[in-house]
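The sequence shown lines up with residues 66 to 201 when you count with my numbering. Ideal placement from N, C-alpha and C gives every residue a C-beta, glycine not left out. Since the model is a prediction, treat every value here as computed from it, not as a measurement. Okay, structure first, notes after.
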Amino acid sequence: MSSATSVKCTLSNNKYLTSVNGEKHKFNVDEPFEYGGDDTAPKPTEYLLGALGACTAITMKMYAERKEWEIGEINVLVDLLKGNNSDGNVIVKHVSFQEKLNDEKIDRLLKIGEKCPISKMLAHPVKMKLISKKIN
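Rendered as structure tokens:
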């Protein structure tokens with residue numbers, strides 16, 4: 066199985082501040098004060114929800130551009146609702162468009178937004194393996 070995307074995460078001696086090196090970009094992740102971090106960067110959950118919201122908006126915009134629809138600014142508010150052990154967690158995306166769109170266009174854009182790669186990945190179980198090895 067080949068890797069489609071890789072990032073390297075490094076946690077040194079700076080409490081929980083972790084540097085993430087992507088294929089072309091770098092960013093930091095930290096934990097809030099209440100979890101022992103220094104709150105110098107978004108927490109991991111914020112990045113996950115941000116990736117989902119951004120992917121949803123980008124996918125809808127790409128579709129609207131192909132259809133030559135003027136939709137203006139897209140806002141996606143993503144909430145993680147923590148469930149009980151049996152219920153699991155629920156992610157709710159609230160989408161709004163700057164331009165006034167008819168119901169048919171809104172429905173179509175919302176369906177397209179559910180097809181973004183991050184939505185599709187989170188909608189189905191993801192197998193994970195934890196392997197200890199030397200990283201260069």
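Coil, strand or helix - leucine 82 by DSSP:
Along the sequence shown, read from residue 1 onward, the residue named residue 82 stands at position 17. The answer is coil: DSSP assigns leucine 82 none of H, G, I, E or B.
Just to confirm before moving on: does the CB-CB distance between valine 155 and isoleucine 139 stay below 9 Å?
Here residue 155 refers to the residue found at position 90 of the sequence shown. Here residue 139 refers to the residue found at position 74 of the sequence shown. 9 Å or more divides the Cβ of valine 155 from the Cβ of isoleucine 139.
Out of Gly118, Thr124, Glu135, Gly101, point me to the one whose CA is closest to leucine 82's CA.
As a first step, residue 82 is located in the sequence shown; it is residue number 17 there, counting from the start. From the listed residues Gly118, Thr124, Glu135, Gly101, the smallest Cα separation to leucine 82 is found for Gly101.
Grouping DSSP H, G and I as helix and E and B as strand, with all else coil, what is lysine 194?
Taking the first residue of the sequence shown as 1, we reach residue 194 at position 129. Reduced to three states, the DSSP call for lysine 194 is coil.
Could you work out which residue in Pro182, Glu130, Pro109 is closest to valine 191 when comparing CA atoms only?
For the purposes of this step, residue 191 is identified with residue 126 of the sequence shown, where counting begins at 1. Considering only alpha carbons, the answer is Pro182.
When the Cα atoms are used, what is the spatial distance from glycine 148 to serine 184?
Counting from 1 along the sequence shown, the entry for residue 148 is found at position 83. Counting from 1 along the sequence shown, the entry for residue 184 is found at position 119. Straight-line Cα distance between these residues: approximately 19 Å.
What did DSSP end up calling threonine 124 once you bin it into helix, strand or coil?
For this step, residue 124 is matched to residue 59 along the sequence shown. Note: threonine 124 maps to helix in three-state DSSP.
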